[in-house]
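Note sheet for the following structure.
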Amino acid sequence: MTSEQHLAPLRMPDRLFAELAAGGGSAAAVAFLERAERARRLLLLRTLLDHLDALPTPLAPVAEAWRVLKEAAEKSPEPVERLLLAPATGGWISHMLRRVRGTATGPPLWAEAGHLCALALSASLHAGTEATLDVPLTSGRLPLPGLGMVGLPDAQEGLAVGRATTAGGELTVTGPGRTTGSVRVTCRPLTQRADAAGGTWLPLRTLSHTGPDGTAPSTVVLEDLDPYRDLDDHLPPTRLDEDEAQEWQRLFGEAARILARPGTPGPGRVDPAMIRAIVPFGRTAVSPPPPPFVQVSASSGDSFGGMLIVRPASALALAETLVHELQHSKLAALLHLFPLLEDDRAERYYAPWRTDPRHLTGLLHGAYAFTGVAGFWRDRLAGAEEGEDAERAAYFYALRRLQSRLAVRTLLTSGRLTAQGRALVSGLARTLDGWLREPVPHAALTRARTAAALHRTEWRLRNVDPAVEIPSDGPRFRPDRTSWPDVRTHAFATRPVAPHTADEHLAAGDAAAALARYAGQLAADPAEPHALAGWIVARAVLDPGRETRRMLARPELLQPLPSG
Numbered sequence: 061m062t063s064e065q066h067l068a069p070l071r072m073p074d075r076l077f078a079e080l081a082a083g084g085g086s087a088a089a090v091a092f093l094e095r096a097e098r099a100r101r102l103l104l105l106r107t108l109l110d111h112l113d114a115l116p117t118p119l120a121p122v123a124e125a126w127r128v129l130k131e132a133a134e135k136s137p138e139p140v141e142r143l144l145l146a147p148a149t150g151g152w153i154s155h156m157l158r159r160v161r162g163t164a165t166g167p168p169l170w171a172e173a174g175h176l177c178a179l180a181l182s183a184s185l186h187a188g189t190e191a192t193l194d195v196p197l198t199s200g201r202l203p204l205p206g207l208g209m210v211g212l213p214d215a216q217e218g219l220a221v222g223r224a225t226t227a228g229g230e231l232t233v234t235g236p237g238r239t240t241g242s243v244r245v246t247c248r249p250l251t252q253r254a255d256a257a258g259g260t261w262l263p264l265r266t267l268s269h270t271g272p273d274g275t276a277p278s279t280v281v282l283e284d285l286d287p288y289r290d291l292d293d294h295l296p297p298t299r300l301d302e303d304e305a306q307e308w309q310r311l312f313g314e315a316a317r318i319l320a321r322p323g324t325p326g327p328g329r330v331d332p333a334m335i336r337a338i339v340p341f342g343r344t345a346v347s348p349p350p351p352p353f354v355q356v357s358a359s360s361g362d363s364f365g366g367m368l369i370v371r372p373a374s375a376l377a378l379a380e381t382l383v384h385e386l387q388h389s390k391l392a393a394l395l396h397l398f399p400l401l402e403d404d405r406a407e408r409y410y411a412p413w414r415t416d417p418r419h420l421t422g423l424l425h426g427a428y429a430f431t432g433v434a435g436f437w438r439d440r441l442a443g444a445e446e447g448e449d450a451e452r453a454a455y456f457y458a459l460r461r462l463q464s465r466l467a468v469r470t471l472l473t474s475g476r477l478t479a480q481g482r483a484l485v486s487g488l489a490r491t492l493d494g495w496l497r498e499p500v501p502h503a504a505l506t507r508a509r510t511a512a513a514l515h516r517t518e519w520r521l522r523n524v525d526p527a528v529e530i531p532s533d534g535p536r537f538r539p540d541r542t543s544w545p546d547v548r549t550h551a552f553a554t555r556p557v558a559p560h561t562a563d564e565h566l567a568a569g570d571a572a573a574a575l576a577r578y579a580g581q582l583a584a585d586p587a588e589p590h591a592l593a594g595w596i597v598a599r600a601v602l603d604p605g606r607e608t609r610r611m612l613a614r615p616e617l618l619q620p621l622p623s624g
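Under the working numbering, the residues of the sequence shown are numbered 61 to 624, in order.
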């Protein structure tokens with residue numbers, strides 16, 4: 061953690077930047093980004109320690125915890141490096157910097173600062189060193205980063221101070237009891253499985269997968285215990301039940317096999333070994349059944365290689381999400397290295413995968429992530445047999461390449477990209493332009509174009525204020541706009557066999573039947589955005605002339621002015 065070789069300046073080779081700019085990135089490119097994230101994390105940690113030196117605390121002093129951590133790193137550097145680079149460690153460091161600057165909230169500051177003691181204890185256990193530190197306990201619980209969580213039975217409720225001792229890989233934790241006296245637990249976190257009662261020791265869960273060449277299984281953390289696994293806020297542990305954990309393993313194993321496609325690394329091709337941690341979100345049990353696609357996923361630039369995901373029912377959906385979120389991690393790391401754009405943070409840009417306006421950085425993230433997603437579906441199409449799987453792959457490949465190219469055009473014409481940003485976005489443009497020349501089955505291509513037009517039309521109807529002429533810096537937005545469900549992106553993935561609704565007729569290619577049904581809906585509510593968007597697009601399909609092109613360009617002009 062202190063050797064001179066790690067202080068050398070970072071210079072990204074042109075070939076690695078070119079790989080990343082194309083939307084992909086080999087193992088060497090991702091390893092370079094991880095090296096850069098390590099350097100950044102050490103700088104942030106040093107800044108944080110300077111803030112915490114004078115913090116009043118009932119725990120071990122910051123300097124003592126840091127000494128234990130350094131001693132362990134000198135004796136056993138590799139596991140301590142893994143602790144330092146864990147996504148949750150990055151989340152803690154950044155959260156604490158926001159705390160000391162007054163832009164985040166959480167438990168008492170001294171207790172959150174005490175997470176450094178927990179990191180030091182984990183490092184000490186890995187290295188086999190001896191240490192004694194006063195630590196924060198929450199109702200008798202002590203999370204140990206990268207290892208699991210100790211729980212003291214009959215411990216005092218709420219926040220308390222305990223004492224933890226390590227020696228030869230053994231950990232002893234003592235804390236105040238629920239009534240009087242103290243309680244104590246001794247365990248061996250590196251080798252001990254969960255105890256029978258599931259209370260005093262809960263080990264870290266992992267997901268295993270085997271490489272395509274039959275190499276030894278590698279693991280990805282399934283993080284349900286660390287208090288800094290979230291994107292910002294401190295979270296209590298939310299242990300998955302055993303059936304849910306097994307379902308994650310089954311889905312992840314299948315997703316890893318889906319991603320194990322041989323060939324040159326490129327957009328959409330992910331080695332699951334590049335993923336550092338998956339945080340299951342919102343579910344701790346297998347019931348009720350999850351949706352077939354991922355409803356929520358997220359990642360943070362503070363937590364490289366980590367991703368928060370609501371488990372879907374489909375391994376294919378999980379594989380797509382792993383690609384999507386790793387793209388975000390790569391771009392976040394690039395943004396830490398290079399000034400890619402000048403963003404005034406004004407949310408005024410159309411993002412084809414969002415229902416709300418986005419700022420420029422958000423649009424860049426979306427373009428980068430969905431270029432990877434387009435590559436994922438391109439690979440699925442190349443390997444699919446005839447049938448629904450091939451139809452779905454063709455649709456999503458056609459849709460995501462079209463949407464990503466639209467966002468890339470917005471970025472290139474914004475006038476806000478730096479030289480490095482223009483090089484990156486131009487790389488994405490070259491990738492997408494090549495893909496747009498590749499043939500896709502006509503029916504899937506038509507549905508994708510229709511779905512893209514529907515989304516943009518409905519977005520403008522729901523967001524853009526028709527009373528204001530569009531200035532040069534973008535549209536002005538309705539004061540009464542609200543969030544809305546995008547139900548069409550997935551609904552148009554396959555061709556309906558027996559269409560009934562207006563949307564189904566449009567997806568089936570019968571624009572005339574769709575137009576009549578949309579007109580019927582609009583008779584009751586002429587400004588209803590979902591039906592009006594469908595009517596405009598269906599009419600454009602039937603009569604692709606100048607008038608309908610104008611309607612597609614400014615559909616909001618067909619609506620009444622917003623109230624208020």
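Using N, Cα and C, we set each Cβ at its ideal position, and we do this for glycine too.
All values derive from a computational prediction rather than experimental measurement.
Q) Less than 8 Å separating the beta-carbons of Ser-363 and Ala-148? A) Numbered from 1 along the sequence shown, position 303 holds the residue referred to as residue 363. Numbered from 1 along the sequence shown, position 88 holds the residue referred to as residue 148. Contact: yes.
Q | Enclosing alpha helix (DSSP H) for Glu-307 [first to last residue] | A | Residue mapping note: residue 307 aligns to position 247 of the sequence shown, counting from 1. Unbroken alpha helix (DSSP H) run through Glu-307: 302-319.
Q | Val-547, buried or exposed, once every other Cβ within 10 Å from all chains shown has been counted against 16 | A | Along the sequence shown, one-based indexing puts residue 547 at 487. Under this definition Val-547 is an exposed residue.
Q.
Just to confirm my understanding: we take Leu-618, look at its own chain, exclude 5 residues before and 5 after, and list those with CB closer than 6 Å. What are they?
A. Here residue 618 is taken as the residue at index 558 of the sequence shown, counted from 1. Cβ within range, chain order: n/a, list empty.
Q: Kindly indicate which residue of Thr-226, Leu-395 and Leu-582 has the alpha-carbon position closest to the one of Leu-484.
A: Sequence index remark: in the sequence shown, residue 484 carries index 424 (1-based). Leu-484 has its Cα closest to that of Leu-395, out of Thr-226, Leu-395 and Leu-582.
Q.
Please determine whether the Cβ atom of Val-557 lies at a distance below 7 Å from any heavy atom of the ligand PLP.
A. Although the ligand PLP was asked about, the structure shown includes no ligands whatsoever.
Q | Distance between beta carbons of Leu-423 and Leu-471, contact taken as under 8 Å | A | Residue 471 sits at position 411 when you count from the first residue of the sequence shown. Residue 423 sits at position 363 when you count from the first residue of the sequence shown. Indeed, because the Cβ distance is near 6 Å, the residues count as touching under 8 Å.
Q.
Any contact between the segment 188-200 and the segment 124-137? By contact I mean 3 or more CB pairs, one from each, below 8 Å.
A. yes
Q | In DSSP terms, what Thr-225 is bridged to | A | Position 165 of the sequence shown, counting from 1, holds the residue named residue 225. Thr-192 and Thr-232, per the DSSP bridge assignment.
Q: Please confirm whether Pro-249 and Gly-222 have their CB atoms less than 8 Å apart.
A: Within the sequence shown, residue 249 is the residue found at index 189, counting from 1. Within the sequence shown, residue 222 is the residue found at index 162, counting from 1. No.
Q | Backbone CA spacing between Arg-522 and Ala-512 [nearest angstrom] | A | Sequence index remark: in the sequence shown, residue 522 carries index 462 (1-based). Sequence index remark: in the sequence shown, residue 512 carries index 452 (1-based). Using only the alpha carbons, I get a separation of about 16 Å.
**Q.** Cβ neighbours of Ala-429 in the same chain (closer than 7 Å, five flanking residues each side left out)
**A.** In the sequence shown, residue 429 corresponds to position 369, counting from 1. Cβ neighbours of Ala-429 beyond the five flanking positions: His-384, Gln-387 and His-388.
Q. DSSP state of Ile-369, grouped into three classes?
A. The count along the sequence shown starts at 1 and reaches residue 369 at position 309. In this structure, Ile-369 counts as strand in the three-state DSSP scheme.
Q) In or out: Arg-490 buried (at least 16 other Cβ within 10 Å) or exposed? A) Your numbering for residue 490 matches position 430 in the sequence shown. The Cβ neighbour count for Arg-490, taken over all protein chains shown within 10 Å, is under 16; the residue is labelled exposed.
(Q) Measuring CB atoms only, is the segment 83-98 touching the segment 318-328, in the sense that at least three cross pairs come out at less than 8 Å? (A) yes
Q) Are there 16 or more other CB atoms within 10 angstroms of the CB of Thr-517, so buried, or fewer, so exposed? A) To locate residue 517, count along the sequence shown from 1; it is residue 457. So Thr-517 ends up on the buried side.
Q | Alpha-carbon to alpha-carbon, His-425 and Gly-229 | A | Position 169 of the sequence shown, counted from the start, is the residue given in the question as residue 229. Position 365 of the sequence shown, counted from the start, is the residue given in the question as residue 425. Cα to Cα, the separation comes out at about 43 Å.
Q. Applying the criterion that 16 or more other CB atoms from any shown protein chain within 10 Å of the CB defines a buried residue, is Gln-463 buried or exposed?
A. Residue 463 sits at position 403 when you count from the first residue of the sequence shown. When all chains shown are included, Gln-463 counts as buried.
Q. Going by alpha carbons, who is nearest to Pro-118 out of His-550, Pro-139, Ala-173 and Gly-475?
A. Along the sequence shown, read from residue 1 onward, the residue named residue 118 stands at position 58. When only C-alpha atoms are compared, the closest one is Ala-173.
Q) Within 10 angstroms of its Cβ, does Gln-65 collect 16 or more other Cβ (buried), or is it exposed? A) Position 5 of the sequence shown, counting from 1, holds the residue named residue 65. Note on Gln-65: pLDDT 44, under 50, position unreliable in the model; no value is reported.
**Q.** CB of Gly-475 within 8 Å of CB of Leu-400, strictly
**A.** Taking the first residue of the sequence shown as 1, we reach residue 475 at position 415. Taking the first residue of the sequence shown as 1, we reach residue 400 at position 340. In this structure, Leu-400 does not lie closer than 8 Å to Gly-475 by Cβ.
Q) Considering only residues of the segment 448-527, which uninterrupted beta strand (DSSP E) runs meet the minimum length of 3 residues and lie entirely inside it, listed in chain order? A) none
Q: Would you grab the beta carbon distance between Leu-231 and Ala-220 for me? Rounded to a whole angstrom, and I think it's under 8 Å.
A: Here residue 231 corresponds to residue number 171 of the sequence shown, with the count starting at 1. Here residue 220 corresponds to residue number 160 of the sequence shown, with the count starting at 1. Actually they are not in contact, since the Cβ atoms of Leu-231 and Ala-220 sit about 18 Å apart, beyond 8 Å.
Q: Tell me whether Pro-137 sits in a helix, a strand or coil according to DSSP, three-state version.
A: The residue given as residue 137 occupies position 77 in the sequence shown. Correct three-state label for Pro-137: helix.
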